[in-house]
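Structure first, then comments.
Protein chains: 2
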Amino acid sequence: MRDIKERLITLFKKGYCTPQIARLAKELKEPSATLHYNIKKLERDGEIKAYKAVFDYRKIGEGFCSYILINLSPDEYGNPERVGKEFLKYDEIESIDIITGDWELLLKVRAKDQDAYYEFVKRVLSRRGITKIKTLTSLRQLKTEFVLL
Amino acid sequence: MRDIKERLITLFKKGYCTPQIARLAKELKEPSATLHYNIKKLERDGEIKAYKAVFDYRKIGEGFCSYILINLSPDEYGNPERVGKEFLKYDEIESIDIITGDWELLLKVRAKDQDAYYEFVKRVLSRRGITKIKTLTSLRQLKTEFVLL
DNA sequence: AATAGTAATTGAAGATTATTCGAAAAATAT
DNA sequence: ATATTTTTCGAATAATCTTCAATTACTATT
Chain A
0 MRDIKERLIT
10 LFKKGYCTPQ
20 IARLAKELKE
30 PSATLHYNIK
40 KLERDGEIKA
50 YKAVFDYRKI
60 GEGFCSYILI
70 NLSPDEYGNP
80 ERVGKEFLKY
90 DEIESIDIIT
100 GDWELLLKVR
110 AKDQDAYYEF
120 VKRVLSRRGI
130 TKIKTLTSLR
140 QLKTEFVLL
Chain B
0 MRDIKERLIT
10 LFKKGYCTPQ
20 IARLAKELKE
30 PSATLHYNIK
40 KLERDGEIKA
50 YKAVFDYRKI
60 GEGFCSYILI
70 NLSPDEYGNP
80 ERVGKEFLKY
90 DEIESIDIIT
100 GDWELLLKVR
110 AKDQDAYYEF
120 VKRVLSRRGI
130 TKIKTLTSLR
140 QLKTEFVLL
């Protein structure tokens with residue numbers, strides 16, 4: 000076993016999947032060629048960004064999930080997008096939002112456990128421009144990415 | 000045009016996709032049959048829950064995204080899972096988490112616009128057991144479901 | 001209302017891909 | 001050491017995707 004599983008998970012998180020036209024055709028009672036045309040149009044127009052897998056994250060060793068609220072310092076406050084974009088490269092981060100209210104940024108992060116999460120915080124969030132963070136730890140996920148767990 | 004687009008989006012949100020084994024084989028430099036075996040194992044063991052599409056939600060008319068923090072009343076406080084499970088049926092809800100801290104539940108919701116969101120709140124969140132809610136509106140999404148926007 | 005132009009639908013053909021099978025190798029358990 | 005189970009993988013088959021070209025349905029213009 001040559002760690003195929005881990006490599007598959009990495010690729011499946013962001014893509015490497017494709018529509019099941021035959022199954023859609025049966026479900027929607029439409030010809031495959033028609034669905035093919037419509038799907039390609041959705042892709043061409045950029046309405047579909049990717050086809051990907053959703054995991055039972057506990058089973059793949061990413062059982063720790065948390066939401067991180069971030070406050071920016073006055074000099075970064077006017078440009079949350081710049082700070083947000085710096086987080087794009089971290090694979091542990093599932094989502095990045097610029098939000099209204101008492102906080103400027105909201106991240107959703109997955110890690111192996113609390114220890115791994117703490118390492119992530121030290122590595123990624125100890126950076127100039129961030130004045131305060133608050134972690135909301137998920138005790139239990141009932142649904143994620145529109146998929147029931 | 001027989002609203003094929005809308006029906007595709009509905010199915011693609013939760014599934015109706017499948018791995019691209021040939022492309023994975025090329026990328027990982029492994030035989031298709033080997034990958035096929037490993038993928039089926041992941042599915043059989045329940046590590047993979049679904050294969051689905053990720054959208055540019057603004058382009059498909061779901062541009063409004065928000066996170067909702069929920070406080071439960073004392074009589075529901077001890078059983079957030081029961082309340083959370085009642086939200087499972089709403090397709091507007093992308094994720095449901097039971098969380099630590101000042102709030103008991105965190106929902107991620109997508110709607111057409113603020114009006115549609117307000118209708119959702121009235122319809123779904125005016126229910127006994129919920130004492131307080133706080134909405135964090137996303138002004139801009141940089142990443143969602145591990146996919147860059 | 002008629003026409004021209006564009007976009008969408010579809011059956012059938014061909015191209016590509018997934019799946020199965022069986023045998024061998026590797027890993028695990030006894 | 002041996003037996004048992006799991007994993008790998010080439011080759012054949014089955015299934016699916018993709019393209020094509022003709023038809024139909026829309027849209028815009030006059």
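So the sequence lines, in the order shown, correspond to chains A and B. Take the first sequence: its position 50, counting from 1, is numbered 49 in numbering that gives the first Met the number 0, and each next residue is one higher. Take the second sequence: its position 148, counting from 1, is numbered 147 in numbering that gives the first Met the number 0, and each next residue is one higher. Don't be surprised by glycine CBs; every beta carbon is placed ideally from N, CA and C.
- Taking 8 Å as the cut-off, the beta carbon of LYS131 of chain B is found closer than this to the beta carbon of ASN70 of chain B.
- Judged by DSSP secondary structure, GLN113 of chain B falls outside any beta strand (DSSP E) and instead within the alpha helix (DSSP H) spanning 113-124.
- Less than 8 Å divides the Cβ of LEU148 of chain B from the Cβ of ASP55 of chain B.
- Residue ranges of uninterrupted beta strand (DSSP E) with 3 or more members, entirely inside the segment 12-66 of chain A and ordered along the chain, are 16-18, 47-54.
- With contacts defined as CB atoms closer than 8 Å, GLU93 of chain B and GLU144 of chain A qualify as a contacting pair.
- For ARG139 of chain B, the enclosing beta strand (DSSP E) begins and ends at 129-143.
- The Cβ atoms of LYS58 of chain B and ASP44 of chain A sit closer than 8 Å to each other.
- GLU144 of chain A has a beta carbon lying within less than 8 Å of a beta carbon in chain B.
- The beta-carbon separation of VAL82 of chain B and GLY128 of chain B, rounded to 6 Å, stays under the 8 Å limit for a contact.
- Under the DSSP assignment, LYS107 of chain A falls in the beta strand (DSSP E) whose first and last residues are 104-110.
- At a C-beta separation below 9 Å, ARG122 of chain B has no neighbours in chain A, since its nearest C-beta there lies roughly 18 Å away.
- Nearest CB-CB separation between GLY45 of chain A and chain B: below the 8 Å threshold.
- Per DSSP, GLU93 of chain B is one residue of the beta strand (DSSP E) stretching across 92-98.
- Between the segment 60-75 of chain B and the segment 93-111 of chain B, the count of Cβ pairs shorter than 8 Å is three or higher; the stretches touch.
- Our two residues, ALA49 of chain A and LYS133 of chain A, have alpha carbons roughly 31 Å apart in a direct line.
- Taking 8 Å as the upper bound on Cβ-Cβ separation, chain B lies near residues ALA49, TYR50, LYS51, ALA52, VAL53, PHE54, ASP55, LYS58, ILE59, CYS64, TYR66 of the segment 49-66 of chain A.
- Burial check for LYS88 of chain B: the Cβ neighbour count within 10 Å stays below 16, so the residue is exposed.
- Between ARG139 of chain A and ILE8 of chain B, the C-beta gap is not smaller than 8 Å, which leaves the two residues out of contact.
- Look at LYS131 of chain A: its C-beta is not under 8 Å from any C-beta on chain B.
- Contact annotation: THR136 of chain B and SER65 of chain B have beta-carbon atoms nearer than 8 Å.
- Taking each of A:LEU124, A:ASP2, A:ALA115, A:ASP90 in turn and checking the Cα distance to THR33 of chain B, the smallest one comes out for A:ASP2.
- Around the beta carbon of ARG109 of chain A, 16 or more other beta carbons sit within 10 angstroms, so the residue counts as buried.
- Under the three-state reduction of DSSP output, LEU87 of chain A falls in the coil class, being neither helix nor strand.
- Taking a beta-carbon distance threshold of 8 Å, GLY83 of chain B counts as an interface residue toward chain A.
- Taking 8 Å as the cut-off, the beta carbon of LEU27 of chain B is found closer than this to the beta carbon of ARG6 of chain A.
- The bridge partners DSSP lists for ILE69 of chain A are A:LEU104, A:ILE132.
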